[in-house]
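Peer 1: In our numbering, the protein residues as written are 8 to 158.
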């Protein structure tokens, strides 16, 4: 009988080859640990916060145009804010921005957003019968009260 290795056993490696493999494996382990450390310090998108029945999210401004400001919340999650809502100057690209999510436009894959406390045209279709709303009296007239409804 001859000494032939079993079909499933690996052949013996010389010391030089074994040392090269161990060095390469330790480099991979160090690179993996460095990636894990970098991943732990990488800023992760925060949780969604609901205030007054509206979802508030903080994103990063990625584009500022004449009529719109685009905000990124995460990978493939963009929002758009009408630039007329900004009092004074527009935000700069890279600046964090807190917005209120109004709705999701599936056809455009965009969240339509507004600034917290921004005055905008009322969307009365979003109200439901029996829903409680928070409002402040801003005036009195012959027909009743003028109210500012909170969002």
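Ideal Cβ positions, reconstructed from N, Cα and C, are used throughout, including at glycine.
Below 8 Å, how does it come out for the stretch 135-145 and the stretch 107-119: are there three or more Cβ pairs, yes or no?
Peer 2: No: the two stretches stay apart, fewer than three of their Cβ pairs being nearer than 8 Å.
Peer 1: Which of the three DSSP states, helix, strand or coil, is assigned to residue 26?
Peer 2: In the chain shown, residue 26 corresponds to position 19, counting from 1. Correct three-state label for residue 26: helix.
Peer 1: Shorter than 9 Å from the beta carbon of residue 34 to some beta carbon of chain D?
Peer 2: The structure shown contains no chain D; it holds only a single protein chain.
Peer 1: From which residue to which residue does the beta strand (DSSP E) around residue 104 run?
Peer 2: Taking the first residue of the chain shown as position 1, residue 104 is located at position 97. From DSSP, the beta strand (DSSP E) with residue 104 extends over 103-112.
Peer 1: For the beta strand (DSSP E) holding residue 21, just list the boundary residues, first then last.
Peer 2: Numbered from its first residue, the chain shown carries residue 21 at position 14. Where residue 21 is concerned, there is no enclosing beta strand (DSSP E), given that its DSSP letter is neither H nor E.
Peer 1: Exposed or buried, what is residue 66 when buried is set at 16 or more other beta-carbons lying within 10 Å of its beta-carbon?
Peer 2: As a first step, residue 66 is located in the chain shown; it is residue number 59 there, counting from the start. Residue 66 should be labelled buried.
Peer 1: Please name the residue or residues paired with residue 95 in a DSSP beta bridge.
Peer 2: As a position in the chain shown, residue 95 is number 88, starting the count at 1. Per DSSP, none; premise fails for residue 95.
Peer 1: I think residue 79 touches residue 69, with their Cβ atoms under 8 Å apart; what is that distance to the nearest whole Å?
Peer 2: For the purposes of this step, residue 79 is taken as residue 72 along the chain shown, with counting starting at 1. For the purposes of this step, residue 69 is taken as residue 62 along the chain shown, with counting starting at 1. At roughly 5 Å, the Cβ-Cβ gap stays under 8 Å, so residue 79 and residue 69 are in contact.
Peer 1: Are the beta-carbon atoms of residue 99 and residue 71 separated by less than 9 Å?
Peer 2: Here residue 99 refers to the residue found at position 92 of the chain shown. Here residue 71 refers to the residue found at position 64 of the chain shown. It is a contact, given that the beta carbons lie within the stated cut-off.
Peer 1: Which residues bound the beta strand (DSSP E) around residue 154?
Peer 2: One-based indexing of the chain shown puts residue 154 at position 147. Its beta strand (DSSP E) spans residues 151-156.
Peer 1: Quick one: which unbroken beta strand (DSSP E) runs of 3-plus residues sit fully inside the stretch 115-144? Chain order, please.
Peer 2: Entirely contained in the stretch 115-144, the beta strand (DSSP E) runs reaching 3 residues are, in chain order, 117-121.
Peer 1: For residue 70, which of helix, strand or coil comes out of DSSP?
Peer 2: The sequence position of residue 70 within the chain shown is 63, counting from 1. Residue 70: strand per DSSP, three-state reduction.
Peer 1: When the Cα of residue 96 is compared with those of 109, 76 and 85, which residue comes out closest?
Peer 2: Taking the chain shown and counting its residues from 1, one reaches residue 96 at position 89. For the residues 109, 76 and 85, the minimum Cα distance to residue 96 belongs to 76.
Peer 1: Using CA atoms only, rank isn't needed, just tell me which of 37, 64 and 156 is closest to residue 122.
Peer 2: What you label residue 122 is simply residue 115 of the chain shown in a count that begins at 1. When each option's Cα is compared against that of residue 122, the closest is 64.
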